[in-house]
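Heads up, the thing below is written out as structure tokens.
Numbering (my numbering), first residue to last: 344 to 465.
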């Protein structure tokens, strides 16, 4: 089930990338990469902060937009021990699958997903 956990302007976004932590400011160079398990942090323009746990996925960075696609994502205020165990269980097969991806197929699927999400917004 597709769900948007945050949509709005941001001063900064921090994402746990597979190569290390990734920080994104407005105007960032376009980028497409994998996200590892951890917390996506969004610092809003008003100083507020939103944190979302993701069990891996992908991030697309454009100069004025950041999209994180994850099969498992939970707002930190909704996390509890039971949900954390459920998220970890759901992430295990995904982590194994992502360990040996077919990059061309993954890229094509990601582009399809991003395109569909954009079409739904219009």
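Glycine included, every Cβ here is placed at the ideal spot set by N, Cα and C.
First and last residue of the beta strand (DSSP E) that includes residue i?
{"i": "residue 364", "result": "363-367"}
{"i": "residue 357", "result": "355-360"}
{"i": "residue 408", "result": "408-412"}
Relative to the C-alpha of residue i, which candidate in the options has its C-alpha closest?
{"i": "residue 389", "options": "354, 455, 463", "result": "354"}
{"i": "residue 447", "options": "375, 433, 358, 384", "result": "375"}
{"i": "residue 348", "options": "392, 372, 364, 360", "result": "392"}
{"i": "residue 433", "options": "420, 415, 449", "result": "415"}
{"i": "residue 417", "options": "358, 459, 383", "result": "383"}
{"i": "residue 404", "options": "366, 428, 419, 429", "result": "366"}
{"i": "residue 372", "options": "385, 406, 352, 451", "result": "406"}
{"i": "residue 359", "options": "461, 462, 463, 385", "result": "385"}
{"i": "residue 454", "options": "423, 412, 363, 352", "result": "412"}
{"i": "residue 387", "options": "410, 425, 356", "result": "356"}
Any idea which residues DSSP pairs residue i with across the strands?
{"i": "residue 396", "result": "382, 417"}
{"i": "residue 402", "result": "376, 411"}
Mark residue i as exposed unless 16 or more other C-beta atoms lie within 10 angstroms of its C-beta, in which case mark it buried.
{"i": "residue 401", "result": "buried"}
{"i": "residue 368", "result": "exposed"}
{"i": "residue 459", "result": "exposed"}
Can you tell me where the alpha helix (DSSP H) with residue i in it begins and where it stops?
{"i": "residue 371", "result": "That residue, residue 371, is in no alpha helix (DSSP H); it is neither H nor E in DSSP."}
{"i": "residue 346", "result": "Premise fails: residue 346 is in no alpha helix (DSSP H) and is neither H nor E."}
{"i": "residue 455", "result": "446-464"}
Which whole-angstrom value describes the C-beta separation of residue i and residue j, a residue pair presumed to lie in contact below a C-beta threshold of 8 angstroms?
{"i": "residue 398", "j": "residue 380", "result": "5 angstroms"}
{"i": "residue 361", "j": "residue 377", "result": "5 angstroms"}
{"i": "residue 419", "j": "residue 457", "result": "Actually they are not in contact, since the Cβ atoms of residue 419 and residue 457 sit about 25 angstroms apart, beyond 8 angstroms."}
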